[in-house]
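One structure below.
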Amino acid sequence: MLRAAVRDRLIASDPSLGVTLPRMRKADMAMRIPTPEDVAAIMTAADEWFRPFIAFCAFAGLRLGEAAAMQLPDVDFLHRQIRVRRQVQRKPGGLVDLRPPKYGSERNIPAPEELLNLLSEHLAKWKTFGADKWLFYGKNNEPPHQNTVHYWWKTTLQRAGVEGVRLHDLRHFYASGLIAAGCDVVTVQRALGHAKATTTLNTYSHLWPTADDRTRAAAGALVETVLRTFADSVRTESPHSA
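Just so it is clear: in the sequence shown, position 224 is 224 by UniProt numbering, and no numbers are missing.
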């Protein structure tokens, strides 16, 4: 429009020349955070034996390879923790490669009671597989290959009628829930297994409340307290109050 104005001699020059427009952050462009309704629909549509896999990702923030590599001793029912000690990676020919978690991110994740109950029900019905007591079944009593998990996931999404959600997006769902509940950067970093807090901030900084948000919330709480006290006082002083 400005170039057309210059061409038509309505203005002498284009004031936008040399101005660089701000670019959207990669996280804002690429991140898709499923809604609770999405996750509920996916959990409902999933085969019963696949639900705990989804739950590991949505309610403990595990990566696909970490969830696939879960063994029975990794679920600490007594201390209510999920222990991440290994991951499954792809190998040619449908074979699996076991290795330490990404960036050496071994960690113990606090587990909600509801997740542990789901895992307990899963174990009661499906048991474990192989001498290593894998929670999820692949070929030859090994954990499932990533391609197999992606097939399970696509089938589940089709049943649920949910589009555009990757299994990895459940990890974003988990992180966003921690942030919404008031968890600080270090807490989220440790839960997700990021090597550095800067990785967590670069990925999720747009989800944390700004200083303006906190100021607004604090002032709102003050207003609510005063108005509630004022209303109680008016009711007490009213001659018609019983």
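Where a beta carbon is used, it is the ideal one built from N, C-alpha and C, also for glycine.
Using the three-state DSSP reduction, which class does I179 fall into: helix, strand or coil?
helix
Measuring only the C-alpha atoms, how far is V88 from E224?
Spanning the two alpha carbons is a distance of roughly 51 Å.
For L10, which residues from the same chain have a beta carbon less than 6 Å from its beta carbon, with the 5 sequence-adjacent residues on both sides left out?
The predicted position of L10 is uncertain, since its pLDDT is 48 and thus under 50; a value taken from the coordinates is nonetheless stated next. So no residue of the chain qualifies.
Within 10 Å of its beta-carbon, does T215 have 16 or more other beta-carbons around it, so buried, or fewer, so exposed?
With fewer than 16 other Cβ atoms within 10 Å, it is exposed.
Does R159 come out as helix, strand or coil in the three-state DSSP assignment?
Reduced to three states, the DSSP call for R159 is helix.
Which residue comes first and which comes last in the alpha helix (DSSP H) that contains D184?
Looking at the DSSP string, D184 is not in any alpha helix (DSSP H), and its letter there is neither H nor E.
To the nearest angstrom, how far is it from the Cα of G164 to the Cα of H206?
21 Å
In chain order, what residues of the same chain lie with their CB nearer than 6 Å to the CB of W126, ignoring the 5 residues before and after it?
W49
Jot down the residue ranges of each uninterrupted alpha helix (DSSP H) in the region 104-165, minimum 4 residues, whole runs only, in chain order.
113-126 and 146-160
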